[in-house]
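> Questions regarding the structure given below will be posed in turn.
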Amino acid sequence: MHLTSGPDLMSIDWAALKAEAVRAMGHAYAPYSKFPVGAAALVDDGRIVSGCNVENASYGIGLCAECGLVSALQATGGGRLVAFTCVDGHEELLMPCGRCRQLLYEFGGPELLLETVDGPKPMSEILPYAFGPENLSRGA
Ligand code: THU
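Note that the working numbering gives residue 242 to position 76 of the sequence shown, counting from 1, and the numbers run on in steps of one.
Now the structure itself:
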């Protein structure tokens, strides 16, 4: 994200993001873990994308909420993720699992802001020393 072209960082409506994450969480399909998750993110063009976890009888192939979120991002026009939040079934803040940090890194890079119990933190602190698309272009 370029600070000059994205939404004003001070104007990120975290409450609206949380409301969308809670809404998405209400659609989770989590009959096995009984742990519904909802995730929502602000895109650099102002839209909000979201996702919920979708489990499977073949436990290992369940999809995290962030999988749905990045799919929704691409399916609705792409863009860069600017701010992200995630909630559990008690509407409590949840940090993305390791795999999902990588998923989000692809579409938000080190500057993506994630809501944490200590306030918004950049992805560079949530997934330090990240591997990303920039590594591939360097190595090719
Ligand atoms: N889960 C997510 O959807 N996102 C995360 O970042 C953490 C875990 C889901 C996966 C599974 O359906 C349930 O939470 C319990 O692990």
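Even glycine gets a Cβ: it sits at the ideal position worked out from N, Cα and C.
(1) What is the DSSP secondary structure of residue 205, reduced to helix, strand or coil?
(2) Decide if the region 245-258 is in contact with the region 275-282; the criterion is three or more beta carbon pairs, one per stretch, under 8 Å apart.
(3) Which residues in the same chain as residue 171 place their Cβ atom closer than 8 Å to its Cβ, once the five residues preceding and following it in sequence are excluded?
(4) Got a list of residues with beta-carbon closer than 6 Å to any non-hydrogen atom of ligand 1, in chain order?
(5) Just the Cα atoms here: how many angstroms apart are residue 255 and residue 239?
(6) Three or more C-beta pairs under 8 Å: does that hold for the region 221-230 against the region 240-247?
(7) Among the candidates 225, 300, 199, 286, whose CA atom is the shortest distance from the CA of residue 261?
(8) Quick check on DSSP: helix, strand or coil for residue 300?
(9) Going by the beta-carbon positions, is the gap between residue 182 and residue 205 smaller than 8 Å?
(10) Can you tell me which of the three DSSP states residue 225 falls into?
(11) Please go through the same chain and pick out, in chain order, the residues whose beta-carbon is closer than 6 Å to the beta-carbon of residue 293, but skip the five residues on each side of it.
Quick answer:
(1) strand
(2) yes
(3) At residue 171 the pLDDT is 49, less than 50, meaning the model places this residue with poor confidence; the figure from the coordinates comes in the next sentence. Closer than 8 Å at the Cβ level, and outside the excluded window around residue 171, lie 210.
(4) 196, 199, 201, 203, 219, 221, 228, 230, 231, 232, 262, 263, 266
(5) 23 Å
(6) no
(7) 286
(8) helix
(9) no
(10) helix
(11) 267, 271
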